[in-house]
Structures are given as C-alpha cells and as structure tokens.
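Structure first, then comments.
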Amino acid sequence: MPTAKVVFATITGNNEDCADIITEALEDLGVEVDQSEISQTDAAEFKDYDINVVVPYTYDEGNLPEEGLDFFADLQELDLSGKVFGVAGSGDVFYEEFYCVAVDKFNQAFQRTGATQGAENVKINLAPESEEDLDKLDSFASELLNSFNK
C-alpha cells in the first residue's frame with residue numbers, strides 16, 4: 063500500500079480544509095496517509111513516505127508561513143529521489159501578484175530534493191467549497207498516485 067505525508071499550514075482554516083480533502087481523496091484511493099501541521103512536523107519525515115504534499119498559506123506580500131520557515135529550509139536539504147510530491151494551497155486573489163506564492167516557493171524547494179512532481183500545483187481562492195475546487199483537489203490526489211504508480 064502506498065503511503066503519503068500531507069503537511070499543512072493555516073491561519074483561517076482554509077488550507078487545513080484543503081489538506082483534509084487531499085487526505086480523504088488519497089485514502090479513498092487506497093493510500094495510507096499521515097497528516098500534520100507544519101510546525102509539528104520535521105521535513106525529514108518525508109523520507110518515510112512515497113508521496114509528499116505541502117499545503118501552505120502565503121502571508122502578507124508573498125511570505126512563507128512563519129511557523130514553516132525551518133521546515134522550508136530543511137526541506138531543501140533533503141534527498142527525496144524516488145519520491146513523488148505535490149503542492150496545493152488556498153489564497154486570496156485580492157493579493158494579485160502575491161496570490162499563493164508560497165505554493166510556488168514550496169514547489170521550487172521540492173525540485174531541489176530530486177523528488178518527482180506528481181501533479182501540477184493547485185491554487186484555491188479562499189475556502190475550497192465549490193464543486194470545481196473539490197474536483198481540482200480530488201484530481202490532484204489522483205495524479206499524485208498515478209505518478210507514484212508509473
């Protein structure tokens with residue numbers, strides 16, 4: 063059975079909701095999932111899982127979550143060759159060029175680890191409530207598993 067680690071950072075609860083949806087979708091696909099909050103997680107835990115997901119928020123003008131700065135730095139030092147990763151997150155389009163910037167930054171950090179990007183980044187405006195948002199997150203989970211199974 064494939065395993066996955068889903069790590070999230072949230073202020074409003076929207077990113078935890080996104081993480082919950084991704085976790086449930088992966089579990090529905092037969093993946094054993096461990097979900098945790100970023101400040102309670104050591105990036106090295108990703109070595110123990112087949113599929114790794116980060117769901118960060120973007121703070122202020124494109125900043126990473128403060129409670130995830132050490133995690134972000136540690137992530138870039140890992141060798142995750144043979145692992146699959148994906149990044150998704152909620153933001154607010156009101157912030158225009160800073161919308162979901164943390165999603166892109168975490169994607170770049172994962173690129174440095176040698177892991178394989180299993181799905182395109184997903185960016186959700188505000189809460190993941192619409193059918194379109196739910197479909198995006200479910201598809202994201204499916205793509206991650208498909209990439210792992212290749």
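Letter 7 of the sequence shown, counting from 1, is numbered 69 in our numbering, and no numbers are missing. Ideal Cβ placement from N, Cα and C applies to all residues, glycine included.
Pick from Thr-65, Pro-64, Cys-80, Met-63: whose alpha carbon is nearest that of Leu-188?
-> For the purposes of this step, residue 188 is taken as residue 126 along the sequence shown, with counting starting at 1. Comparing Cα-Cα distances from Leu-188 to each of Thr-65, Pro-64, Cys-80, Met-63, the minimum goes to Cys-80.
Stretch pair the stretch 144-152 + the stretch 93-104: three plus CB contacts closer than 8 Å | no
Of all the CB atoms in chain D, is at least one closer than 8 Å to the CB of Leu-206?
-> Reference to chain D is not applicable here, since this structure consists of a single protein chain.
Would you give the residue range spanned by the alpha helix (DSSP H) that Gln-173 belongs to?
-> Taking the sequence shown and counting its residues from 1, the one referred to as residue 173 is at position 111. Gln-173 -> alpha helix (DSSP H) spans 163-173.
Apart from the five residues just before and just after Ile-113, which ones in its own chain have a Cβ nearer than 6 Å to its Cβ?
-> Translated into the one-based positions of the sequence shown, residue 113 becomes position 51. Cβ within range, chain order: Ala-66, Val-146, Leu-206, Phe-210.
Take Leu-140 and list the residues in its own chain whose beta-carbon comes closer than 8 Å to its own, dropping the five residues that flank it on each side.
-> For this step, residue 140 is matched to residue 78 along the sequence shown. Excluding positions up to five away in sequence, the list reads Ala-105, Ala-106, Phe-108, Lys-109, Thr-175.
Report yes if the C-beta distance between Leu-126 and Ala-177 is below 8 Å; otherwise report no.
-> Taking the sequence shown and counting its residues from 1, the one referred to as residue 126 is at position 64. Taking the sequence shown and counting its residues from 1, the one referred to as residue 177 is at position 115. Taking 8 Å as the Cβ cut-off, Leu-126 and Ala-177 do not qualify as a contacting pair.
Cβ-based neighbour list, Glu-78, same chain, cut-off 6 Å, excluding 5 preceding and 5 following | Position 16 of the sequence shown holds residue 78. Cβ neighbours of Glu-78 beyond the five flanking positions: Phe-70, Thr-72.
Output yes or no for whether 8 Å exceeds the beta carbon distance between Val-68 and Val-117.
-> The residue labelled residue 68 in the question sits at position 6 within the sequence shown. The residue labelled residue 117 in the question sits at position 55 within the sequence shown. Against a cut-off of 8 Å, the Cβ pair of Val-117 and Val-68 comes out as a contact.
Would you call the stretch 128-142 and the stretch 83-90 touching, i.e. three or more CB-CB distances under 8 Å?
-> no
For Ile-73, which of helix, strand or coil comes out of DSSP?
-> Within the sequence shown, the letter at position 11 stands for residue 73. Coil, per DSSP.
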